[in-house]
Structures are given as C-alpha cells and as structure tokens.
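Student: All you need for my numbering is the position in the sequence shown, starting with 1, plus 680. Before we start, here is the structure in question, set down as structure tokens.
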Amino acid sequence: MSVIRVTEIVATSEKSWQDAVENGLERAGKTIRNIRGVDVTSWKAEVKEGKIKEYRAVMKIAFEVE
C-alpha cells in the first residue's frame, strides 16, 4: 500500500504560466522524491504599467511517502 502526500507551492516565471509550472516542478524535484502528479489550482500575475511582469502558478505537488 502506498501513501501519497500533497504539498502546495507557488512558482514564478518572467516568461509564461507554463514556464512557472515547469520551474516549480523542477525546483520541487530537488527536495521532494517520488513526485507523482501536479495539480495547478490557480494562475496569478503581477502587472506593472499594464503589462505582465511575473507569472505565478499555485500548484499542489503529490508525492509518494517512502
């Protein structure tokens, strides 16, 4: 029987929301083993002078507990 734990993170990018998700997954993978899935729960952005300056992805990372 396996046990899955879920943790929430916020990842950022100056390029795109997809890049933010990929950055978050890459960074999470440095300290979390056995990642099984990602659930993006919301998209946010920081806007300055009418343009998006930073894309933010709020996501839940699911991983198997050893």
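Note that beta-carbon positions come from the ideal geometry of N, C-alpha and C, so glycine has one too. Model, not experiment: these values are computed from the prediction.
(1) Determine, using beta carbons only, whether ARG736 and LYS728 come nearer to each other than 7 Å.
(2) Compute the distance between the beta-carbons of VAL745 and ARG685, then report whether it is under 7 Å.
(3) Determine which residues share a DSSP beta bridge with ARG736 and list them.
(4) How close, in whole Å, do the beta carbons of SER722 and VAL738 come, if the pair is a contact with beta carbons under 8 Å?
(5) Starting from the C-beta of SER693, find all residues in its chain whose C-beta is less than 6 Å away, skip the five residues before and the five after it, and write them out in chain order.
Tutor: From the atom records:
(1) Mapped onto the sequence shown, residue 736 falls at position 56. Mapped onto the sequence shown, residue 728 falls at position 48. Taking 7 Å as the Cβ cut-off, ARG736 and LYS728 do not qualify as a contacting pair.
(2) Taking the sequence shown and counting its residues from 1, one reaches residue 745 at position 65. Taking the sequence shown and counting its residues from 1, one reaches residue 685 at position 5. Yes, they are a contact pair.
(3) Stepping through the sequence shown from its first residue, residue 736 is reached at position 56. For ARG736, which the question treats as bridged, DSSP gives the partners THR692 and LYS724.
(4) Along the sequence shown, one-based indexing puts residue 722 at 42. Along the sequence shown, one-based indexing puts residue 738 at 58. Indeed they touch by this definition, with Cβ atoms about 4 Å apart.
(5) Translated into positions along the sequence shown, residue 693 becomes position 13. Correct list, in chain order: ASP699, ALA700, ASN703 and TYR735.
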